[in-house]
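**Q** I am attaching a structure below and will ask some questions about it afterwards.
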Amino acid sequence: MAAPVQRRNLVGEAVLLTVICLFCVFPFYWMVTTSLKTQVVALQSPPVWVFTPTLANYWEVLFVDKVGPALVNSIIVAVCTTGLAVLLGTPAAYALARFEFRGKTDLWFWFITNRFVSPVVLAFPVFLISRELGLRDTHLALILMYLTFTLPIVIWICTDQFRSIPRELDEAALLEGASQFRIFRSICLPLAMPGVAVSAILSFIFSWNELLFAYILAPKNAKTAPAMAVTFMEGYDVPYGKIMATSTLIVVPVLIFALLASKHLVRGLTMGAVK
Amino acid sequence: MTTRVRRRTIAAFLGPAVAALALVGIAPLLYAVWKSLHYFNLTKLAQERYVGLDNYAAVLTDAVFWQAMGRTATLFAIAVPVQIALGLTIALVLHRPGLTFWKTLTRLSLVLPMATTYAVVGLLAQVMLNQKYGVFNQMLGWVGIDAINFIGDPTNAFIAVILWDIWQWTPFVALVLLAGLSTVPPEIEEAATLETRSNWTVLRFVQLPYLVPSLVAVLILRTADTLKLFDMPFTMTRGGPGAATEFIAVLIERVGNRQFDIGMAAAQSIIMLALTIVLARLYIRLFYREVR
Amino acid sequence: MKLLTHASALALVASAGLGLAGKAQAWSLEEAAKPYAGTELEVLFLDRPGYAAAIKMLPEFEAATGIKVNHTTVPYENALGEQVRDFVAGGDLDIALIDLVWIGNFAENGWIEPIETFTANADLADPDLDMADFFPLVVNAFGGWNGTIYGLPFDNYSGLMFYNSCMLKDAGFDKPPETWADLKDVYGPALTKDGKYAFALQSKRNETQSADSFARMLWPFGGSFLNAEFKSNLMSPESQAGLTFRQDLMQYMPEGIVAYDHSETVNALAQGDVAMITEWSAFYSTLASPETSKLGDCLAVAPEPMGPAGRKPALGGFSLAVATQADDAEKAAGWLFIQWVTSKANAGKYLELGGVPARQSAYADPALAATYKFIPALVESWKDGVPEFRPRFAEWPAITEIVQEWGTKMMLGEVSVEEGAKTIGEKMEAVLAEAGYYDGKKPLAQ
Chain A
1 MAAPVQRRNL VGEAVLLTVI CLFCVFPFYW MVTTSLKTQV VALQSPPVWV
51 FTPTLANYWE VLFVDKVGPA LVNSIIVAVC TTGLAVLLGT PAAYALARFE
101 FRGKTDLWFW FITNRFVSPV VLAFPVFLIS RELGLRDTHL ALILMYLTFT
151 LPIVIWICTD QFRSIPRELD EAALLEGASQ FRIFRSICLP LAMPGVAVSA
201 ILSFIFSWNE LLFAYILAPK NAKTAPAMAV TFMEGYDVPY GKIMATSTLI
251 VVPVLIFALL ASKHLVRGLT MGAVK
Chain B
276 MTTRVRRRTI AAFLGPAVAA LALVGIAPLL YAVWKSLHYF NLTKLAQERY
326 VGLDNYAAVL TDAVFWQAMG RTATLFAIAV PVQIALGLTI ALVLHRPGLT
376 FWKTLTRLSL VLPMATTYAV VGLLAQVMLN QKYGVFNQML GWVGIDAINF
426 IGDPTNAFIA VILWDIWQWT PFVALVLLAG LSTVPPEIEE AATLETRSNW
476 TVLRFVQLPY LVPSLVAVLI LRTADTLKLF DMPFTMTRGG PGAATEFIAV
526 LIERVGNRQF DIGMAAAQSI IMLALTIVLA RLYIRLFYRE VR
Chain C
568 MKLLTHASAL ALVASAGLGL AGKAQAWSLE EAAKPYAGTE LEVLFLDRPG
618 YAAAIKMLPE FEAATGIKVN HTTVPYENAL GEQVRDFVAG GDLDIALIDL
668 VWIGNFAENG WIEPIETFTA NADLADPDLD MADFFPLVVN AFGGWNGTIY
718 GLPFDNYSGL MFYNSCMLKD AGFDKPPETW ADLKDVYGPA LTKDGKYAFA
768 LQSKRNETQS ADSFARMLWP FGGSFLNAEF KSNLMSPESQ AGLTFRQDLM
818 QYMPEGIVAY DHSETVNALA QGDVAMITEW SAFYSTLASP ETSKLGDCLA
868 VAPEPMGPAG RKPALGGFSL AVATQADDAE KAAGWLFIQW VTSKANAGKY
918 LELGGVPARQ SAYADPALAA TYKFIPALVE SWKDGVPEFR PRFAEWPAIT
968 EIVQEWGTKM MLGEVSVEEG AKTIGEKMEA VLAEAGYYDG KKPLAQ
């Protein structure tokens, strides 16, 4: 095997990899550097690469433009919906992996199909319903609506995970008289933790990134960070520095999470289609 | 063997999830269907009335709706093949042995674009593609190309959305295909590389069969996400200039949120949803492993 | 002596009158607000100079009254939607921010209180309110609907021509064009060169397209959206002339003008890339400030050019009105705020901080006109303004969408002027038919 490796042009390959890395990373570099520019510097033509950085944009968006509370809202919503999705989703996943019952395939189809439904389909009816129920502009409304995509993720990934746990473990416990719930809770769930963690991280990322529900359902008190970022778009002057500072604040947490889960990200995103 | 359990146990495990998803997924849908049969405008609530299938008839004969559908299809037809071609190239490079550190680093940086908040991706595009202050045009200038008005010209704006979609999703495609490549048994691959020097032959006859599930997954997910595409064009161009980047989800948002015609928006959504479900079921039935 | 007696009798009467008025004289904001101290008001603001000015004035109001004004800044594009959804949902907005074209909609839905509710209440009404001091055109257009006044004009605009007098001088012009025809035929060719353009007309596909671009070219040429029977008037020779003119004028505008919103257009003038723009008066402070503009002394202001039908400059602006969904304390507090921020007494300060008040008295001072170059042009424009510059009825949100879509298509050359106008007309009439204007269910408002 050593021979073909040597024959190859390693230099060319390294250059290609560098280009790919730059391609992926450059927009982030530009986002962060722009966020450190004053408005005057940000609006220089052609753009400048070397300048004296300032944190003024961050100070301003966090404390004057209320991006700080929006980030807190985003955290509350993403954490709660993730927790709820795991709480509801893992037992369901266990049942799909272990039990036999009529309509199982259809049920499974239905769970999966939710991944394909556009939020725009649900957003307006939910707005009307939330108005009736007094849930408008509450965290709860967003937490519940985000279940439409977090729950399928958890169910799908965890079903896969539970199936990979040997059945013999369950059966042994069953013979000893343990209830199904105990088996799930004490034997299978701990073993399925890697899958649960991945699905939780993905749920968090998806919830954190969501815009449309937040934009329509939470205009003020529960406004999340992406919805906040949208409000900077059309002022009298376009504050590039502030927009990019907000963007950086929004993106950095998800990127950290994504890197943490990078090994499993692909499997999660493809809902198990690819091992 | 499958464990035999009582119905009540099954219900206890599945019930909460099913109930929750029915509550947030199905109930609003039924409500939307009901509203789609009405003239229902938020600014004219007094005039609400049952109109039967009028909204559907209006949508189906509305050129604007079909143009938005067409745009969405065009985006898919252009962006996805490019993403697959580039993604496959990247995956093949990463799949080769050697340069381990570089490759780990590349794999990690590939994770970044697809995790980025879509709304932010659009804002980034606004900043980077600006005709005057944008760094992208500066770079074009370095290679002697005049600044391009990406956001202001209909064709260019559409191209810009495609480019940006390619930026965000090529890494995803690459990683999915890389995962697919890792399912090729190493012995077979090694044997094949000893037989032929042509990388193409290896790809075509050895690796490709193993890549089919990944390619299918890419197609399914890209279809779903293209139909859903809202955040990025919304923050980048707001569907403009004119209607150049008004994709289907952007159109529905405009009808519901700006014309306040919730009945019409509901009808559009239901039609889109029907299309989505047909496509999703088709894909899933054809390619996903079923629960056994 | 007799005369003196008369005079003293007069004085007596006068002082008696004063005595009667004494109760009213004692009216003070502090007193009036006492029962409402601690009330919190919710209102949407925009990211525009008039709001920045109001925000700077707020601490004074809050200190005097103990009423807290919570303002949320939204982009103009979201402002209507956010408010409609809030009012429909019975949300927590206490004050409505109303663009003049939304007033019919808000009033007909019963979302806003007529000011009479408050002006009739001696505890709340400032005796110095002086409605007659507002420019009549402005108060009727921005705050009135079917003869009832709902809102007081707050953020007020007239279309003005801002231009770079240095660029004009270099091209041999010592004054701005008097007419639209001159702008196109004389100034256009002379000023469009070396990557600079003579003119920029903000035409982005949103309210900007219909208000700033489409309507601006209809009126001076004698065109209009609707005729007396409320049918489309867009196919009339006058309307067609105006829209065709806009198409011809595009050769002297920067590329991609359909992506230009206010910020791009103002910036193009501020950076010296275009010589002339027609923009809202509110942009004066942006263009005059060295932080946002390179123009300096080159900035000059004139009324909009005239067309065959006269000046007919663009008219736009916002009023503030009390929302019906607020509770009684919030309504009273909301009224006190609206009355205060638009008051005669505060007009000078509002102007100084970058706002454009609608108070005639504020502009009477010649010293002010010297400081703020836009004042003479503004006052002149508000005399010639067309209140129905854009039809202000409840159907406008639906119609503006149609105009935005097809108006942009026209500019992009995707449809001809004639085809576009015809389509807009048909769709507009369909909306009006739906609303019941043609079968007598609704009076032909305006």
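Residue numbers (the numbering used here), protein chains in the order written: chain A, 1 to 275; chain B, 276 to 567; chain C, 568 to 1013.
Positions of the beta carbon are idealized from the N, C-alpha and C atoms, including for glycine.
Measure how close the beta-carbons of A:Ala-92 and B:Ala-292 come, nearest whole angstrom, since I'm counting them as under 8 Å.
**A** Yes, A:Ala-92 and B:Ala-292 are in contact; Cβ-Cβ is about 4 Å, under 8 Å.
**Q** Hey, quick one: how far does the alpha helix (DSSP H) through B:Met-414 stretch, first residue to last?
**A** Taken as a continuous stretch (DSSP letters only), the alpha helix (DSSP H) holding B:Met-414 covers 410 to 417.
**Q** In chain order, what residues of the same chain lie with their CB nearer than 8 Å to the CB of C:Asn-794, ignoring the 5 residues before and after it?
**A** Excluding residues within five positions, the ones whose Cβ falls inside 8 Å are Asn-800 and Ser-803.
**Q** Counting only beta-carbon atoms, is C:Thr-606 nearer than 8 Å to chain A?
**A** Cβ-Cβ to chain A under 8 Å: no for C:Thr-606.
**Q** For a quick check, are the C-beta atoms of C:Tyr-603 and C:Ala-900 less than 8 Å apart?
**A** The answer is yes: Cβ separation under 8 Å.
**Q** Can you tell me whether DSSP reads A:Tyr-240 as helix, strand or coil?
**A** Residue state, collapsed to three classes: helix.
**Q** When we look at the beta-carbon of C:Ser-718 and count the other beta-carbons within 10 Å, is it buried (16 or more) or exposed?
**A** For the sequence presented, residue 718 of chain C should be read as Gly rather than Ser. Classification for C:Gly-718: buried.
**Q** Quick one: is C:Leu-979 near chain B, going by C-beta distance under 8 Å?
**A** Closer than 8 Å to some Cβ of chain B, the Cβ of C:Leu-979 qualifies, so yes.
**Q** Indicate whether B:Lys-319 and B:Gly-538 have their beta-carbon atoms separated by less than 8 Å.
**A** Cβ atoms of B:Lys-319 and B:Gly-538: not closer than 8 Å.
**Q** To the nearest angstrom, how far is the alpha carbon of B:Ala-555 from that of B:Phe-535?
**A** Going by the C-alpha atoms only, they are around 29 Å apart.
**Q** For the segment 95 to 129 of chain A, enumerate the residues whose C-beta is nearer than 8 Å to any C-beta of chain C, in chain order.
**A** Answer set for the segment 95 to 129 of chain A: Phe-127.
**Q** Below 8 Å CB to CB, which residues in the same chain sit around C:Ser-830 once its five sequence neighbours on both sides are set aside?
**A** Contacts found: none.
**Q** Does the pairing of the segment 370 to 386 of chain B with the segment 395 to 413 of chain B give three or more beta-carbon distances under 8 Å?
**A** With a cut-off of 8 Å, the segment 395 to 413 of chain B and the segment 370 to 386 of chain B do not count as touching, because too few Cβ pairs lie within range.
**Q** Using a Cβ cut-off of 8 Å (strictly closer), state whether B:Asp-428 contacts chain C.
**A** So, interface residue.
**Q** Is it the case that the CB of A:Phe-124 approaches a heavy atom of the ligand NAP more closely than 7 Å?
**A** Summarising the ligand content, the structure contains no ligands, and the ligand NAP is consequently not present.
**Q** Tell me whether C:Phe-812 sits in a helix, a strand or coil according to DSSP, three-state version.
**A** Note: C:Phe-812 maps to helix in three-state DSSP.
**Q** Measuring CB atoms only, is the segment 295 to 309 of chain B touching the segment 114 to 128 of chain A, in the sense that at least three cross pairs come out at less than 8 Å?
**A** Yes, the segment 295 to 309 of chain B touches the segment 114 to 128 of chain A.
**Q** Between A:Thr-138 and chain C, is there a C-beta pair that is closer than 8 Å?
**A** Chain C contact via Cβ: absent.
**Q** Counting only beta-carbon separations shorter than 8 Å, does C:Val-655 have a partner in chain B?
**A** So, interface residue.
**Q** Assuming C:Pro-954 contacts C:Ala-708 under a Cβ cut-off of 8 Å, what Cβ separation, rounded to an integer in Å, is found between them?
**A** At roughly 4 Å, the Cβ-Cβ gap stays under 8 Å, so C:Pro-954 and C:Ala-708 are in contact.
**Q** Measure from the alpha carbon of A:Leu-191 to the alpha carbon of each residue in A:Phe-51, A:Lys-37, A:Phe-162 and A:Val-32, then state which is nearest.
**A** If we check each option's Cα against that of A:Leu-191, A:Phe-162 comes out closest.
**Q** Applying the criterion that 16 or more other CB atoms from any shown protein chain within 10 Å of the CB defines a buried residue, is C:Thr-859 buried or exposed?
**A** Buried: at least 16 other Cβ atoms inside 10 Å.
**Q** So, are the CB atoms of C:Val-998 and C:Ala-965 less than 8 Å apart?
**A** Their beta carbons are under 8 Å apart, which means C:Val-998 touches C:Ala-965 by this criterion.
**Q** Excluding the five sequence neighbours on either side, which residues of its own chain have a C-beta within less than 6 Å of the C-beta of C:Thr-640, listed in chain order?
**A** Within the same chain, C:Thr-640 has close Cβ partners Phe-612 and Asp-614.
**Q** How long is the line joining the alpha carbons of B:Arg-282 and A:Ser-164, rounded to whole angstroms?
**A** Going by the C-alpha atoms only, they are around 24 Å apart.
**Q** Between which two residues does the beta strand (DSSP E) harbouring C:Asp-653 extend?
**A** Per DSSP, C:Asp-653 belongs to no beta strand (DSSP E); it is in the alpha helix (DSSP H), 643 to 655.
**Q** Going by C-alpha to C-alpha distance, which of B:Ala-338, B:Val-386, B:Phe-425 and B:Thr-391 sits closest to B:Leu-526?
**A** Closest by alpha carbon: B:Ala-338.
**Q** Check the Cβ-Cβ distances between A:Lys-37 and every residue of chain C, and say whether any is below 8 Å.
**A** Closer than 8 Å: no.
**Q** Going by Cα to Cα distance, which pick from B:Arg-497, B:Gly-517, B:Leu-469 and B:Ile-437 is closest to C:Thr-975?
**A** Cα-wise, what sits closest to C:Thr-975 is B:Gly-517.
**Q** Using 8 Å for Cβ pairs, my map puts C:Ala-835 next to C:Pro-821. What's the rounded Cβ distance?
**A** C:Ala-835 to C:Pro-821, Cβ: 7 Å. Contact.
**Q** By Cβ distance below 7 Å, which residues in the same chain neighbour A:His-264 in space, the five residues on each side in sequence not counted?
**A** Closer than 7 Å at the Cβ level, and outside the excluded window around A:His-264, lie Val-198.
**Q** Reducing DSSP to helix, strand and coil, say where C:Val-636 ends up.
**A** DSSP places C:Val-636 in strand when its eight states are reduced to three.
**Q** So, A:Leu-84 versus A:Ile-143, is the Cβ gap smaller than 8 Å?
**A** Their beta carbons are under 8 Å apart, which means A:Leu-84 touches A:Ile-143 by this criterion.
**Q** Got a sec: is the Cβ-Cβ distance from B:Pro-516 to anything in chain C below 8 Å?
**A** So yes, B:Pro-516 belongs to the interface.
**Q** What residue range does the beta strand (DSSP E) around C:Ser-725 cover?
**A** Looking at the DSSP string, the run of the beta strand (DSSP E) that includes C:Ser-725 is 719 to 731.
**Q** Using a Cβ-Cβ cut-off of 6 Å (strictly less than) and excluding sequence neighbours within five positions of A:Val-67, which residues of its own chain qualify?
**A** Result list for A:Val-67: Val-61, Met-228 and Thr-246, in chain order.
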